[in-house]
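Line order of the protein sequences matches chains A and B. For the first sequence, the working numbering gives the first residue as 1, with consecutive numbering after it. For the second sequence, the working numbering gives the first residue as 452, with consecutive numbering after it. Glycine residues also receive a C-beta, built at the ideal position from the N, C-alpha and C atoms.
Protein chains: 2
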Amino acid sequence: MSLGRSATRIFALVLVCLALVAPASARDLPRPETFTLNNGLQVVVITDRRAPVVTHMVWYRVGAADEDRGRSGIAHFFEHLMFKGTRDIGPGEFSREVARNGGQLNAFTSWDYTAYYERIARDRLELVMGMEADRMRNLRFSDETFTSERDVIGEERRQRIDNNPGAVMGERMRAMLYPHHPYGTPIIGWAHEIEALDRESALAFYRTWYAPNNAILVVAGDIDAAELRPLAQRYYGRLRPTRDLPARTWVQDPPSVGPMRITHRDEKVRQPSMSRVYRAISYATDEGRQAHALDVAIEILGGSETSRLYRALVEEQRIAVSAGAGASTSGLGGGSVSVSATPVEGVSLEQLEAAVDEVIAAYLRDGPTEAELARAKSSLAAAAIYSRDSQESLANIYGSSLAQGESIDDVVNWPRDIEAVTRDEALTMARQTLVLDASVTGWLLPPEAGQ
Amino acid sequence: MSLGRSATRIFALVLVCLALVAPASARDLPRPETFTLNNGLQVVVITDRRAPVVTHMVWYRVGAADEDRGRSGIAHFFEHLMFKGTRDIGPGEFSREVARNGGQLNAFTSWDYTAYYERIARDRLELVMGMEADRMRNLRFSDETFTSERDVIGEERRQRIDNNPGAVMGERMRAMLYPHHPYGTPIIGWAHEIEALDRESALAFYRTWYAPNNAILVVAGDIDAAELRPLAQRYYGRLRPTRDLPARTWVQDPPSVGPMRITHRDEKVRQPSMSRVYRAISYATDEGRQAHALDVAIEILGGSETSRLYRALVEEQRIAVSAGAGASTSGLGGGSVSVSATPVEGVSLEQLEAAVDEVIAAYLRDGPTEAELARAKSSLAAAAIYSRDSQESLANIYGSSLAQGESIDDVVNWPRDIEAVTRDEALTMARQTLVLDASVTGWLLPPEAGQ
């Protein structure tokens, strides 16, 4: 139970997803088998015979962006509630059963999806399929359970966010970057709204969204589609779909009109730092190879210790202890790019930010060199090559990509499409994205002296 | 019709409302007669026999803050649609009839209310009562009317907001100040959402909110309650109330975590300027005399040419051509305080803002003098004295105050309560409100040289 508890507390950060959605190599990613049950459940099978184990994941096409306004946190809440039992399975028994059978489990929530994961010996697959299918439609929890778990989540928020000045500021930077779109609301929920969540709304949310026609079952490992199909049919095939599943239409932001800034001071800040987020396209919203080009462009700017930002600020100018950038290009509703840097002792954030802006300006002026382009592509390719060897990574890549509006082909061809990105494409996307007018800059500082 | 058209385009800005809600003098404001019809319509009668004219207003307890997320602009849209006719009254006929009978009309929308106003000879009162009652429940408009009026509103938005860099920036400053609360959404609506408004949603909005049990009828002028009651009963008494009128519960913002800023540059900016908004309490959300104290405190800081800001920046330091502050304390969901200043040629916004901050810091450190306190109270009192003589102002004060959660007593006693504000109360509210951490500062500038 304690394993299940802490394991379910893992957020899928968009930056992490990017690394997962976007592995790369000159070779295609392995193409999974797929089929769909009559009730709408999409099934993806990634055969991997190296060991007698399987990774079993259910991805729901629902996340924090689908919450009713004023009920933030409800999507993530299910990471907890889904372990509270059904008619057949008692509270906490799911986690205990998996652990007792040598398995591991996990769950995560993003703005776009909620996913539940088990890794277990092949001969125990039916055990987790049975339990996972059961809780897709038959979840039960008492008022007391709901209320006490709500307190747990309130505490989780205090520890993860409110005790972490960087997280507090990051939350507000997103709210500024997305003044209207639901991506501006934190996944874990605003504290005062978590406190007010009620069991009835949670149940309504569950009954609507947790359904076979809103889910993707991904099974990776020692199994193929011919073997999986009868099992999927047996356990999931009898589940009733949601009729009139709501469309996932989210309100859109007005265009940005100028650079925004926030300064957050807190006594827990030991090391000042600056960060910036820009609005960007994503694989779900782009055209052609734009998201690929953006990933390559940002990898060059700040993806590693050989990147522009790191080399200029940490190695050459020696004014930063860290500096980097990352592209979050997996969102169903769009993406973002973040840049951040931490100064060495004695360097002000003003000085550091000016230097960051210098590096970006030079990059946008001259563009990447061919050597940088090649290195960035290899670096992204390395992630893909690594992911080919990881059952869990592949399951993650296919599950999250499908839940975020991409196709199997998009994933299979990803390494090839990355490879095809030209210097001009990367530069165009860098110029389109790294626009101060569509950005929020945050300064994280200790309290002012004398206060 | 052209009169009606342009007249209906007037917004009730919160700053304007403040002046209206909050007149002041040592004497009470005149207490109106009130009664309520069986269908829930609240009626307020302010007798004024000086001339044979009446002011007839209907205030609906619905405004932009009540719109569904994604349908911004729909509340204001009714300022236009309400002139499009019913079964008995043709499109545009309402405005023509009022004009033909020597009357004037107007309409305005805030986040909290929508109001319709006619001023006409006493012997024509029944004419406007009949037409106003008719359109409370029987509005009709075709798809073509709806679509063409939507274009008119799109154009209105372009002229009022998008062509006005100060308005563009102000809109975004509000969105930053209220990241979650509906006060962060502009009354006129986001451009892309205005374009997408549909007739069916508009009708649903109308049928729900435009109802006698969600309205306040205010009649001021040459009439008393005994005379008005039978007329109110005849014209409004037969209207059907909305059953299960929705509660006006709005999502709340998380607490601010640090000062926010935005810079907006536009070639239409001739004169750079800075402005700042702070979150504040309002008459609807305060306790005791807090809103009164805040009004007094901000009057002292920046309400006139004898205020701290004006004297310091314009007269003494000669670095600003204008400088002032205003409190918006009438909102049902809370208030705000704004500060703004425009530098003289050659003074940078940075310099000017530092000087503004200096004035505020000194004010918060030392508080107002007794002379300043007395002068601010007289100044607010002057507004009240003036309003006593204006039929329209009194009707506005009672209508908006009741629509924004205040009682008749609150209004009647307002001058007395302002008079009672102490130096300590004013200073306390200034200190509670003028907190940089709960503010958004905007810089309005022409494009950068060389861009």
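Counted within 10 angstroms of its Cβ, other Cβ atoms place residue i as buried (16 or more) or exposed
{"i": "residue 290 (chain A)", "result": "buried"}
{"i": "residue 802 (chain B)", "result": "exposed"}
{"i": "residue 342 (chain A)", "result": "buried"}
{"i": "residue 698 (chain B)", "result": "exposed"}
{"i": "residue 695 (chain B)", "result": "exposed"}
{"i": "residue 268 (chain A)", "result": "exposed"}
{"i": "residue 499 (chain B)", "result": "buried"}
{"i": "residue 359 (chain A)", "result": "buried"}
{"i": "residue 799 (chain B)", "result": "exposed"}
{"i": "residue 608 (chain B)", "result": "buried"}
{"i": "residue 754 (chain B)", "result": "buried"}
{"i": "residue 21 (chain A)", "result": "Unreliable positioning characterises residue 21 (chain A) in this predicted model, as indicated by a pLDDT of 44, which lies under 50. A coordinate reading is not provided."}
{"i": "residue 565 (chain B)", "result": "buried"}
{"i": "residue 154 (chain A)", "result": "buried"}
Same chain, Cβ closer than 7 Å to residue i, neighbours up to 5 away in sequence not counted
{"i": "residue 486 (chain B)", "result": "494, 676 and 680"}
{"i": "residue 74 (chain A)", "result": "67, 197, 201, 202 and 205"}
{"i": "residue 193 (chain A)", "result": "70, 71, 72 and 73"}
{"i": "residue 432 (chain A)", "result": "none"}
{"i": "residue 423 (chain A)", "result": "367, 368, 370 and 373"}
{"i": "residue 190 (chain A)", "result": "72"}
Alpha carbon of residue i to alpha carbon of residue j, nearest angstrom
{"i": "residue 743 (chain B)", "j": "residue 899 (chain B)", "result": "42 Å"}
{"i": "residue 750 (chain B)", "j": "residue 844 (chain B)", "result": "20 Å"}
{"i": "residue 668 (chain B)", "j": "residue 835 (chain B)", "result": "22 Å"}
{"i": "residue 691 (chain B)", "j": "residue 589 (chain B)", "result": "11 Å"}
{"i": "residue 149 (chain A)", "j": "residue 335 (chain A)", "result": "32 Å"}
{"i": "residue 109 (chain A)", "j": "residue 61 (chain A)", "result": "10 Å"}
{"i": "residue 250 (chain A)", "j": "residue 625 (chain B)", "result": "21 Å"}
{"i": "residue 581 (chain B)", "j": "residue 535 (chain B)", "result": "16 Å"}
{"i": "residue 163 (chain A)", "j": "residue 169 (chain A)", "result": "11 Å"}
{"i": "residue 442 (chain A)", "j": "residue 171 (chain A)", "result": "11 Å"}
{"i": "residue 757 (chain B)", "j": "residue 185 (chain A)", "result": "43 Å"}
{"i": "residue 323 (chain A)", "j": "residue 308 (chain A)", "result": "9 Å"}
{"i": "residue 475 (chain B)", "j": "residue 151 (chain A)", "result": "Low confidence applies to residue 475 (chain B): its pLDDT is 42, below 50, so where it sits in the model is not reliable enough to give any reading."}
{"i": "residue 689 (chain B)", "j": "residue 199 (chain A)", "result": "41 Å"}
{"i": "residue 682 (chain B)", "j": "residue 813 (chain B)", "result": "57 Å"}
{"i": "residue 118 (chain A)", "j": "residue 222 (chain A)", "result": "14 Å"}
{"i": "residue 739 (chain B)", "j": "residue 870 (chain B)", "result": "14 Å"}
{"i": "residue 207 (chain A)", "j": "residue 242 (chain A)", "result": "8 Å"}
{"i": "residue 594 (chain B)", "j": "residue 255 (chain A)", "result": "29 Å"}
{"i": "residue 91 (chain A)", "j": "residue 210 (chain A)", "result": "19 Å"}
{"i": "residue 286 (chain A)", "j": "residue 294 (chain A)", "result": "10 Å"}
{"i": "residue 410 (chain A)", "j": "residue 33 (chain A)", "result": "15 Å"}
Residue i, enclosing alpha helix (DSSP H) - first and last residue
{"i": "residue 681 (chain B)", "result": "676-687"}
{"i": "residue 396 (chain A)", "result": "391-403"}
{"i": "residue 656 (chain B)", "result": "650-660"}
{"i": "residue 221 (chain A)", "result": "First-last for residue 221 (chain A): 215-221, but that is the beta strand (DSSP E), not the alpha helix (DSSP H)."}
{"i": "residue 386 (chain A)", "result": "370-388"}
{"i": "residue 745 (chain B)", "result": "741-753"}
{"i": "residue 858 (chain B)", "result": "Run containing residue 858 (chain B): none; DSSP gives neither H nor E here."}
{"i": "residue 488 (chain B)", "result": "Counting along the chain, residue 488 (chain B) falls outside any alpha helix (DSSP H), and DSSP gives it neither H nor E."}
Where the beta strand (DSSP E) containing residue i begins and where it ends
{"i": "residue 56 (chain A)", "result": "53-60"}
{"i": "residue 551 (chain B)", "result": "It is not in any beta strand (DSSP E) - residue 551 (chain B) instead sits in the alpha helix (DSSP H) that spans 544-551."}
{"i": "residue 804 (chain B)", "result": "Per DSSP, residue 804 (chain B) belongs to no beta strand (DSSP E); it is in the alpha helix (DSSP H), 800-817."}
{"i": "residue 793 (chain B)", "result": "786-794"}
Contact belief for residue i with residue j at Cβ below 8 Å, rounded distance in angstroms
{"i": "residue 79 (chain A)", "j": "residue 107 (chain A)", "result": "4 Å"}
{"i": "residue 858 (chain B)", "j": "residue 848 (chain B)", "result": "No, residue 858 (chain B) and residue 848 (chain B) are not in contact; Cβ-Cβ is about 13 Å, not under 8 Å."}
{"i": "residue 444 (chain A)", "j": "residue 273 (chain A)", "result": "5 Å"}
{"i": "residue 877 (chain B)", "j": "residue 776 (chain B)", "result": "With 8 Å as the limit, residue 877 (chain B) and residue 776 (chain B) do not qualify as a contact, their Cβ atoms being about 13 Å apart."}
{"i": "residue 182 (chain A)", "j": "residue 264 (chain A)", "result": "About 23 Å separates the two Cβ atoms, so there is no contact after all."}
Same chain, Cβ closer than 8 Å to residue i, neighbours up to 5 away in sequence not counted
{"i": "residue 571 (chain B)", "result": "504, 505, 507, 549, 552, 553, 554, 555, 578 and 579"}
Spatial neighbours of residue i in its chain, beta-carbon cut-off 6 Å, leaving aside the 5 residues before and after
{"i": "residue 260 (chain A)", "result": "176 and 440"}
{"i": "residue 618 (chain B)", "result": "612"}
{"i": "residue 855 (chain B)", "result": "563, 735, 781 and 783"}
{"i": "residue 353 (chain A)", "result": "274"}
{"i": "residue 545 (chain B)", "result": "534 and 582"}
Chain-ordered neighbours of residue i on chain C, where CB pairs are closer than 9 Å
{"i": "residue 641 (chain B)", "result": "No chain C appears in the structure shown, which is made up of the protein chains A and B."}
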